[in-house]
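Read the structure below first, then the notes.
There are 2 protein chains.
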Amino acid sequence: MLSATEENYLKALIKISEKNSVDGKVGTNELAVDLGVKPATVNDMLKRLKDKKLIDYEKYGKIKITKSGKKSGIEIIRRHRLWETFLFDKLKFTWDEVHEVAELLEHVNNPKLIERLDEFLNHPQFDPHGDVIPNSKGKIIIHFKKTLSNAKVGQAVKMVAMKENSDVLLKHLFELGLGINKTLKVIKIQPFDLSMNILVDKKAITISNKLAENIFVVCKECKVIGECNKKMCELE
Amino acid sequence: MLSATEENYLKALIKISEKNSVDGKVGTNELAVDLGVKPATVNDMLKRLKDKKLIDYEKYGKIKITKSGKKSGIEIIRRHRLWETFLFDKLKFTWDEVHEVAELLEHVNNPKLIERLDEFLNHPQFDPHGDVIPNSKGKIIIHFKKTLSNAKVGQAVKMVAMKENSDVLLKHLFELGLGINKTLKVIKIQPFDLSMNILVDKKAITISNKLAENIFVVCKECKVIGECNKKMCELE
DNA sequence: TATAAAAGTTAGGTTAATCTAACAAAAATT
DNA sequence: AATTTTTGTTAGATTAACCTAACTTTTATA
Ligand SMILES: [Mn+2]
Ligand SMILES: [Mn+2]
Ligand SMILES: [Mn+2]
Ligand SMILES: [Mn+2]
Numbered sequence: 000m001l002s003a004t005e006e007n008y009l010k011a012l013i014k015i016s017e018k019n020s021v022d023g024k025v026g027t028n029e030l031a032v033d034l035g036v037k038p039a040t041v042n043d044m045l046k047r048l049k050d051k052k053l054i055d056y057e058k059y060g061k062i063k064i065t066k067s068g069k070k071s072g073i074e075i076i077r078r079h080r081l082w083e084t085f086l087f088d089k090l091k092f093t094w095d096e097v098h099e100v101a102e103l104l105e106h107v108n109n110p111k112l113i114e115r116l117d118e119f120l121n122h123p124q125f126d127p128h129g130d131v132i133p134n135s136k137g138k139i140i141i142h143f144k145k146t147l148s149n150a151k152v153g154q155a156v157k158m159v160a161m162k163e164n165s166d167v168l169l170k171h172l173f174e175l176g177l178g179i180n181k182t183l184k185v186i187k188i189q190p191f192d193l194s195m196n197i198l199v200d201k202k203a204i205t206i207s208n209k210l211a212e213n214i215f216v217v218c219k220e221c222k223v224i225g226e227c228n229k230k231m232c233e234l235e
Numbered sequence: 000m001l002s003a004t005e006e007n008y009l010k011a012l013i014k015i016s017e018k019n020s021v022d023g024k025v026g027t028n029e030l031a032v033d034l035g036v037k038p039a040t041v042n043d044m045l046k047r048l049k050d051k052k053l054i055d056y057e058k059y060g061k062i063k064i065t066k067s068g069k070k071s072g073i074e075i076i077r078r079h080r081l082w083e084t085f086l087f088d089k090l091k092f093t094w095d096e097v098h099e100v101a102e103l104l105e106h107v108n109n110p111k112l113i114e115r116l117d118e119f120l121n122h123p124q125f126d127p128h129g130d131v132i133p134n135s136k137g138k139i140i141i142h143f144k145k146t147l148s149n150a151k152v153g154q155a156v157k158m159v160a161m162k163e164n165s166d167v168l169l170k171h172l173f174e175l176g177l178g179i180n181k182t183l184k185v186i187k188i189q190p191f192d193l194s195m196n197i198l199v200d201k202k203a204i205t206i207s208n209k210l211a212e213n214i215f216v217v218c219k220e221c222k223v224i225g226e227c228n229k230k231m232c233e234l235e
């Protein structure tokens, strides 16, 4: 059994090692900054995590999460993102409110709860920020995401994520009636500035090329999103 | 801010003092047994709870929860019962599975979460065990519950709770198609053994007087359940 | 009422998670 | 290569929540 604190270390380790994509190794100070604690505190915890075989680590060396550590960590990320989806879809929290509450809910460890929640939410693939929700086997489906600016006239695409999570972008999208999982159909592209006329919820709107470059989409017809731009998808 | 442990002490205190209805005072050992810890541990915590003005307590004296302690405690009970309702109504957990998970979820302290959950569940008044859910002001609507055995021929009543929560009773009710919030109409009462013919979901069933004495009901017509057997309610 | 039983307290110890302050090793810069 | 900066470790404290063992007070009962 993992404590909430240990769970947070694993999440942080996964997040940072994804950023440090060279070798996926992480430093003590880096972890301390991310978790908002002192390096001495991290050092203590590293010993416990090593004992539990959740990390590989030698004194003065770099930290590397183990297979087992990653498995647990991904499970926490799954819980976090499912709760975010619940809060957004069902309880009508806004995009920027969900994270804080999910930070608490993610530590409630009951497998049946998470499976039932997943079912209740209709096995969502993305959380409200467009991040992929790992499946119940801990597998993260890799999405070959393209931006809306790659879509062609006449094409229908599904919005799956945003390039950044800033408030200005979010508010802008909200005002335009855009959001995760919405279906967009490209009506026209202006050759001059590449701005697009698109159809959302039967309403025609115009969006700039700059905005289109910040919206990740997948081909509407693709059932298996992970295989999107391989065979049938028209997005390039 | 209260820790999960402190919250559990307040819940236990409210539960036990309701049972010790003479003066509502509780002893150290009693609390220890209920919480599954040693009396010495309780003694430690009593000092902390007293410092936080959540209990009144003098050395070798009895423990009495304060106004403020009760307010917090009822808030936890509200969360617990709302989560139980969520698990039962939305995630299709069974009656006997919800408590364990709600024990964890109840400690997630976010007011907006609870208000939204309450809304999402349509402001339920009872949890899946028939216990009253305190409202957002911490008020517990007092129900003048009567057992089904008090109902008269021709009367329609709503099932609100069970006298006990045993598995045998639950299974029996389930097999008969009975459950919380179901509307029951009394068709006939056998003078010999007081067994009842009742209508549930348009189906006629027969139940023994013993069972009828274990089912709490309120008059179907009463909007304000708390005022049930005062004015309009036919139940006596 | 004296004594035994029950209830409650205290002292001293443990563990997880945090801290500060001092120190040591590794890396970067001159 | 020497020095400085950055990074990481250790020692020693603290706090909440638990424990055991010994002790004290209250209550019950012979
Ligand atoms: Mn988040
Ligand atoms: Mn967290
Ligand atoms: Mn319960
Ligand atoms: Mn609890």
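As given, the protein sequences belong to chains C and Y, one line each in that order. Note that the first sequence covers residues 0 to 235 in numbering that gives the first Met the number 0. Note that the second sequence covers residues 0 to 235 in numbering that gives the first Met the number 0. Glycine is no exception: its CB is placed at the ideal position from the N, C-alpha and C atoms.
Determine the direct distance from the alpha carbon of Thr146 (chain Y) to that of Lys52 (chain C), and round the result to whole angstroms. Along the first sequence, read from residue 1 onward, the residue named residue 52 (chain C) stands at position 53. Along the second sequence, read from residue 1 onward, the residue named residue 146 (chain Y) stands at position 147. Rounded to whole angstroms, Lys52 (chain C) and Thr146 (chain Y) show a C-alpha spacing of 57 Å.
Which residues does DSSP pair with Ile76 (chain C) in a beta bridge? Against the first sequence, residue 76 (chain C) aligns to sequence position 77. Listed as beta-bridge partners of Ile76 (chain C) by DSSP are no residues whatsoever.
Every unbroken beta strand (DSSP E) inside the segment 150–197 of chain Y [3 residues or more]: Counting only runs of at least 3 residues, the segment 150–197 of chain Y fully encloses the following beta strand (DSSP E) elements, listed from N- to C-terminal order: 155–161, 182–188.
Residue range of the unbroken alpha helix (DSSP H) whose run includes Ile13 (chain C): Working through the first sequence from its first residue, we reach residue 13 (chain C) at position 14. Its alpha helix (DSSP H) spans residues 3–18.
With a Cβ-Cβ cutoff of 8 Å, do Asp33 (chain C) and Ile62 (chain C) count as a contact? By 1-based counting over the first sequence, the position of residue 33 (chain C) is 34. By 1-based counting over the first sequence, the position of residue 62 (chain C) is 63. No. Outside cutoff.
Judging by CA-CA distance, which residue of C:Val152, C:Asn7, C:Phe119, C:Lys58 is the nearest neighbour of Leu103 (chain C)? Counted from its first residue, the first sequence places residue 103 (chain C) at position 104. Selected option, being the one with the closest Cα: C:Asn7.
What is the DSSP secondary structure of Cys227 (chain C), reduced to helix, strand or coil? Locating residue 227 (chain C) in the first sequence gives position 228, counting from the first residue. Since pLDDT at Cys227 (chain C) reaches only 44, below the 50 mark, its modelled position is unreliable, and the value read off the structure follows with that caveat. Three-state result, Cys227 (chain C): coil.
Lys181 (chain Y) and Met158 (chain Y): beta carbons closer than 8 Å? Sequence index remark: in the second sequence, residue 181 (chain Y) carries index 182 (1-based). Sequence index remark: in the second sequence, residue 158 (chain Y) carries index 159 (1-based). Yes, they are a contact pair.
Under 7 Å Cβ-Cβ, which residues of chain C neighbour Val97 (chain Y)? The count along the second sequence starts at 1 and reaches residue 97 (chain Y) at position 98. Going along chain C, no residue has its Cβ under 7 Å from Val97 (chain Y), so there is no contact; the nearest lies around 10 Å.
With three or more C-beta pairs closer than 8 Å as the rule, is the segment 74–88 of chain Y touching the segment 101–117 of chain Y? Judged by Cβ distances under 8 Å, the segment 101–117 of chain Y makes contact with the segment 74–88 of chain Y, as three or more pairs qualify.
Thinking just about the alpha-carbon of each residue, which of Y:Glu57, Y:Lys151, Y:Val36 is nearest to the one in Leu193 (chain Y)? The residue you call residue 193 (chain Y) lines up with position 194 of the second sequence. Closest in C-alpha terms to Leu193 (chain Y), from the list Y:Glu57, Y:Lys151, Y:Val36, comes Y:Lys151.
Span of the alpha helix (DSSP H), counted from its first residue to its last, around Ile113 (chain Y): Start at 1 with the first residue of the second sequence, and residue 113 (chain Y) comes out as number 114. Where Ile113 (chain Y) is concerned, the enclosing alpha helix (DSSP H) stretches over 110–119.
Where does Asn42 (chain Y) land, buried or exposed, given buried means 16+ other C-beta within 10 angstroms? Mapped onto the second sequence, residue 42 (chain Y) falls at position 43. By the 10 Å Cβ count, Asn42 (chain Y) comes out exposed.
Outcome for Val21 (chain C) when other beta-carbon atoms lying within 10 angstroms are tallied against a minimum of 16: Within the first sequence, numbered from 1, the residue matching residue 21 (chain C) stands at position 22. Looking at its Cβ environment, which holds fewer than 16 other Cβ atoms inside 10 Å, Val21 (chain C) is exposed.
Could you give the first and the last residue of the continuous beta strand (DSSP E) run that contains Thr205 (chain Y)? Numbered from 1 along the second sequence, position 206 holds the residue referred to as residue 205 (chain Y). Counting along the chain, the beta strand (DSSP E) containing Thr205 (chain Y) begins and ends at 202–206.
Tell me whether Glu174 (chain C) is buried or exposed, calling it buried when 16 or more other Cβ atoms sit within 10 Å of its Cβ. Taking the first residue of the first sequence as 1, we reach residue 174 (chain C) at position 175. By the 10 Å Cβ count, Glu174 (chain C) comes out exposed.
My assumption, with CB atoms under 8 Å, is that Asn108 (chain Y) sits in contact with Val100 (chain C). Please give the rounded CB distance. Start at 1 with the first residue of the second sequence, and residue 108 (chain Y) comes out as number 109. Start at 1 with the first residue of the first sequence, and residue 100 (chain C) comes out as number 101. The Cβ separation is near 10 Å, so there is no contact.
Would you mind telling me which residues of chain Y sit closer than 8 Å to Asn7 (chain C), beta carbon to beta carbon, in chain order? Position 8 of the first sequence holds residue 7 (chain C). Correct list: empty, because the minimum Cβ distance to chain Y is about 15 Å.
For the alpha helix (DSSP H) holding His98 (chain C), just list the boundary residues, first then last. The count along the first sequence starts at 1 and reaches residue 98 (chain C) at position 99. From DSSP, the alpha helix (DSSP H) with His98 (chain C) extends over 97–104.
Could you give the distance in angstroms between the alpha-carbon of Gly26 (chain Y) and the alpha-carbon of Lys70 (chain Y)? Here the question's residue 26 (chain Y) lines up with position 27 in the second sequence. Here the question's residue 70 (chain Y) lines up with position 71 in the second sequence. A direct Cα-to-Cα measurement between Gly26 (chain Y) and Lys70 (chain Y) gives close to 20 Å.
Return helix, strand or coil for Phe215 (chain Y), following the three-state DSSP convention. The count along the second sequence starts at 1 and reaches residue 215 (chain Y) at position 216. DSSP places Phe215 (chain Y) in strand when its eight states are reduced to three.
May I ask whether a heavy atom of ligand 1 can be found less than 7 Å away from the beta carbon of Glu6 (chain C)? Numbered from its first residue, the first sequence carries residue 6 (chain C) at position 7. Within the chosen limit of 7 Å, ligand 1 does not reach the beta carbon of Glu6 (chain C) with any heavy atom.
Under 7 Å: does the beta carbon of Glu83 (chain C) sit that close to some heavy atom of ligand 1? Translated into positions along the first sequence, residue 83 (chain C) becomes position 84. Yes, ligand 1 has a heavy atom inside 7 Å of this Cβ.
Where do the N-terminal and C-terminal ends of the alpha helix (DSSP H) with Val41 (chain Y) fall, by residue? Here residue 41 (chain Y) is taken as the residue at index 42 of the second sequence, counted from 1. According to the DSSP assignment, Val41 (chain Y) belongs to the alpha helix (DSSP H) that extends over 38–50.
Candidates C:Lys89, C:Glu105, C:Lys138, C:Glu83, of which the one nearest Val97 (chain C) by Cα: Sequence index remark: in the first sequence, residue 97 (chain C) carries index 98 (1-based). Looking only at C:Lys89, C:Glu105, C:Lys138, C:Glu83, the smallest Cα-Cα distance to Val97 (chain C) is reached by C:Glu83.
Hey, does Asp192 (chain C) have any beta-carbon neighbour from chain Y nearer than 8 Å? Position 193 of the first sequence holds residue 192 (chain C). So no, Asp192 (chain C) is outside the interface.
Just to confirm my understanding: we take Asn208 (chain Y), look at its own chain, exclude 5 residues before and 5 after, and list those with CB closer than 7 Å. What are they? In the second sequence, residue 208 (chain Y) corresponds to position 209, counting from 1. Cβ neighbours of Asn208 (chain Y) beyond the five flanking positions: Ser148, Asp192, Leu193, Ser194.
Neighbour list for Val36 (chain C) in chain Y, Cβ cutoff strictly below 7 Å: Residue numbering aside, residue 36 (chain C) sits at position 37 when the first sequence is read from its first letter. Those within 7 Å of Val36 (chain C) in chain Y number zero; the least Cβ separation is about 19 Å.
Does the Cβ of Glu74 (chain C) lie closer than 7 Å to at least one heavy atom of ligand 2? Here residue 74 (chain C) corresponds to residue number 75 of the first sequence, with the count starting at 1. Glu74 (chain C) has its CB no nearer than 7 Å to any heavy atom of ligand 2.
Answer yes or no: does any C-beta atom of chain C fall closer than 8 Å to that of Leu104 (chain Y)? Residue mapping note: residue 104 (chain Y) aligns to position 105 of the second sequence, counting from 1. Interface flag for Leu104 (chain Y) against chain C is set, since a Cβ pair is found closer than 8 Å.
Based on the DSSP output, what are the partners of Thr146 (chain Y) in its beta bridges? If you number the second sequence from 1, residue 146 (chain Y) lands on position 147. Beta bridge pairing from DSSP links Thr146 (chain Y) with Y:Phe215.
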